[in-house]
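Residue 212 in the working numbering is what sits at position 219 of the sequence shown, and the numbering runs on without skipping anything.
The beta carbon of each residue, even a glycine, is placed where N, CA and C say it ideally should be.
Below is one structure, written out as structure tokens, with a few remarks after it.
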Amino acid sequence: RRAIAQWNQAPEALARDQDALKSASGARAPKVIVKRVLTQVEQLANALSESTPVLRSDAPPALRAEWDTLFRKKIAPAVDRYLAYLRNEYLPQASRSPGLVSLPGGAECFRGAARFFTTLDMPVEQLEQTGWTLIRKTEADLAALIGVDSAKLPGRLARLRKHKEPAFDQSALLAASQAAARRALKAVPRMFVRPARTNVTFQAVPPSMEQSFTAAAYLGSHGGGPAIVLLNLSRPQERRLMAEAIAFHEALPGHHVVEALGYPIGTMPSSGFLEGWGMYAERLADEMNLYSSDLDRAGMLARRLAAAARPVIEAGLHSRGWTRAQAIAFLRDHSILSQ
-6 RRAIAQWNQA PEALARDQDA LKSASGARAP KVIVKRVLTQ VEQLANALSE
44 STPVLRSDAP PALRAEWDTL FRKKIAPAVD RYLAYLRNEY LPQASRSPGL
94 VSLPGGAECF RGAARFFTTL DMPVEQLEQT GWTLIRKTEA DLAALIGVDS
144 AKLPGRLARL RKHKEPAFDQ SALLAASQAA ARRALKAVPR MFVRPARTNV
194 TFQAVPPSME QSFTAAAYLG SHGGGPAIVL LNLSRPQERR LMAEAIAFHE
244 ALPGHHVVEA LGYPIGTMPS SGFLEGWGMY AERLADEMNL YSSDLDRAGM
294 LARRLAAAAR PVIEAGLHSR GWTRAQAIAF LRDHSILSQ
């Protein structure tokens, strides 16, 4: 019943979003982003055309009929309308620029966005410098961990990017994540003054969402069960080095502390508070000796390196006129992310 009440709001929410896109004073999202979202909506529309989301087998017939009617008569048509708008009206007018720099007021918009998410009002030069400071510090930490001179780090990053463990498949990625979460749960008394009240479990992202989904996402609990972390099991070889860091980030001592221990670390997606805590949690796990090897610790620092590169890239795209290719090249030089 709660789900039906919530999903009843979906058509109106999609219509509001469409109206907001129409009234954006000529500003349009980058075409590459619109195409990615379009793919997601197409996958959703196709899934809804084949069947409604599955209810438990013991659901009462009347409830099942109401559920099916809601998705067939209201939600699926609303998704189809939204898909048609994105494909036929929004995409043709999408921006060819990957950033805000070409838009009127783009510089002010970027500074406002940075202030909104970080609560810090800083000029773009200071934002860039913050990124570079974090990059250099993390590069030094990584070089010390793997025992190379900082000048040789780019070559070592390339080797880490190509690191392969043939036996590390999807099941191994899931198992490594779960094992890390169990170690963290046992270490809670050494990390926090409160005991953990709830557990966390990992579930695979549906295959249809893998291409457009992040590495993992914390969902919390629904209906009183354990909290859920959605885990993207595609490309397990690429995710090997960062698997444990991601588990600590999403579960304990990361985002799950809100539910498990009642700590208010913020709710704003991508904010300095919420994601800042997640990054801190990766480092805290290292202080608590929760990583199973130096290779996994290197993965933690590699994730930090990619995050440190973001302020520089954001400033480049939104204030310096960087192309998408320049941004990708910068990440290739300063992270182990694949193409």
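- In its chain, beyond the 5 residues on either side, Gly124, Leu127, Ile128 and Thr131 have a beta carbon closer than 7 Å to the beta carbon of Ala301.
- The alpha-carbon separation between Tyr273 and Ile239 amounts to approximately 12 Å.
- The beta-carbon distance between Leu138 and Arg313, rounded to whole angstroms, is 32 Å. This is too long to meet the 8 Å contact definition.
- Three or more beta-carbon pairs separated by less than 8 Å link the region 231 to 249 to the region 163 to 170, which places the two stretches in contact.
- Annotation: the continuous beta strand (DSSP E) that includes Tyr211 extends over Ala209 to Gly213.
- In terms of Cα proximity to Ser214, the closest of Leu223, Phe206 and Asp326 is Leu223.
- Assignment of Ala253 by DSSP, reduced to helix, strand and coil, places it in the helix class.
- Ile26 is classed as exposed because its beta carbon has fewer than 16 other beta carbons within 10 Å across all chains shown.
- Boundaries of the alpha helix (DSSP H) harbouring Leu153: Leu146 to Arg154, taken from the DSSP string.
- Leu277 is not a Cβ neighbour of Leu178, given a cutoff of 8 Å.
- For Gln196, the pairing in a beta bridge is given by DSSP as Leu223.
- Under DSSP, Ser88 takes part in a beta bridge, and its partners are Pro23.
- From the listed residues His311, His327, Asn81 and Ala197, the smallest Cα separation to Glu101 is found for His311.
- Excluding five sequence positions before and after Thr111, the CB atoms of its chain that fall closer than 8 Å to its own CB belong to Ser264 and Gly265, given in chain order.
- A distance of 8 Å or more separates the beta carbons of Trp270 and Gly92.
- The alpha-carbon of Val141 is positioned some 10 Å away from that of Pro147.
- Cβ-Cβ distances below 7 Å link Arg108 to Asp114 in the same chain, with the five nearest sequence neighbours on each side left out; the list follows chain order.
- The Cβ atoms of Thr45 and Arg74 do not sit closer than 8 Å to each other.
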